[in-house]
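>
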Amino acid sequence: FLENNTYFVDFFNAYFFNGEKVLKPENCEELDSEMNDTNMDLEKHVDVIRKYNDGNLYSAFIIENQSYVDASMVVRAAVYEFVAYDRMLKKLKKNKAKEKLPMVHILVFYTGERPWNAARQLSELVEVDERFESYFHDYQMNLIEITGNTSYNFNEEDVHNLFYICRSIYDQSIYEGKSNSFGLV
Numbered sequence: 139f140l141e142n143n144t145y146f147v148d149f150f151n152a153y154f155f156n157g158e159k160v161l162k163p164e165n166c167e168e169l170d171s172e173m174n175d176t177n178m179d180l181e182k183h184v185d186v187i188r189k190y191n192d193g194n195l196y197s198a199f200i201i202e203n204q205s206y207v208d209a210s211m212v213v214r215a216a217v218y219e220f221v222a223y224d225r226m227l228k229k230l231k232k233n234k235a236k237e238k239l240p241m242v243h244i245l246v247f248y249t250g251e252r253p254w255n256a257a258r259q260l261s262e263l264v265e266v267d268e269r270f271e272s273y274f275h276d277y278q279m280n281l282i283e284i285t286g287n288t289s290y291n292f293n294e295e296d297v298h299n300l301f302y303i304c305r306s307i308y309d310q311s312i313y314e315g316k317s318n319s320f321g322l323v
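Residue numbers (our numbering): 139 to 323.
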């Protein structure tokens, strides 16, 4: 589903831009989803990754699907992000380029039945001594979840329907005879 660039950018537009169509599907290009780093003894696979270039914005966008609450997810998201930067840096060195790296944006798409109750930022996992607080890099995970009270302004009907049908199944409202915006009772 999220391999479709139209749906892919709709998630990011809903999360980062409150539904405004800032990102366009025609500016996405598929990238290798393997995040290998022999220096770190690390081999990871992200679910969907796209390079985005519209002439003004050049970035990498990643969606990582998560079906259960995982206390380590904030760390995994940070690792994916920094491995992506490392891979891009190595490619730049090969080309002997002096340009800056594009930004990497990771969105964790949580589809579990219960609301997310694990860390969303690194400081929720790490005991930060106040003497070092100003030196601590507090990674913030971007999380979009089906459960919970957050509403998202999706533009694509299929994305909206998938998201809100799943939500109504989880909260049982689909079985209570209530009508909703996707025509189900």
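Think of the CB as a built atom: it goes at the ideal place given N, C-alpha and C, for glycine as much as any other residue.
Computed from a predicted model, the values in this text were never measured in an experiment.
1) Tell me whether GLU295 sits in a helix, a strand or coil according to DSSP, three-state version.
2) What distance in whole Å lies between the Cβ atoms of LEU140 and ARG201, which are believed to be in contact at a cut-off of 8 Å?
3) Quick one: what does DSSP say ILE303 is sitting in, helix, strand or coil?
4) Which whole-angstrom value describes the C-beta separation of ASN165 and ASN203, a residue pair presumed to lie in contact below a C-beta threshold of 8 Å?
5) Per the DSSP calculation, TYR248 is bridged to which residue(s)?
6) Use the C-beta contact count for GLU291: other C-beta atoms within 10 angstroms, 16 or more gives buried, fewer gives exposed.
7) Taking its Cβ as the centre, do 16 or more other Cβ atoms sit within 10 Å of ALA215, making it buried, or is it exposed?
8) Under the DSSP definition of a beta bridge, which residues are partnered with TYR153?
9) By the 10 Å Cβ neighbour count, where 16 or more other Cβ atoms means buried, how is GLU219 classified, buried or exposed?
To lay it out plainly:
1) If DSSP states are grouped into helix, strand and coil, GLU295 belongs with the helices.
2) Note on identity: in this sequence residue 201 is Ile, with Arg being the wrong assignment. Their Cβ separation, rounded to whole angstroms, is 5 Å, which keeps ILE201 and LEU140 in contact under 8 Å.
3) Looking at ILE303 - three-state DSSP - the assignment turns out to be helix.
4) Wrong, their Cβ atoms sit about 23 Å apart, outside the cutoff.
5) TYR248 pairs with GLN204, GLU283.
6) Before going on, a small fix: residue 291 reads as Asn here, not Glu. Taking all protein chains shown into account, ASN291 has fewer than 16 neighbouring C-beta atoms within 10 Å of its C-beta and is therefore exposed.
7) Residue environment for ALA215: buried (at least 16 other C-beta atoms within 10 angstroms of its C-beta).
8) Beta-bridge annotation (DSSP): TYR153 is not paired with any residue.
9) GLU219 is buried by the Cβ-count criterion.
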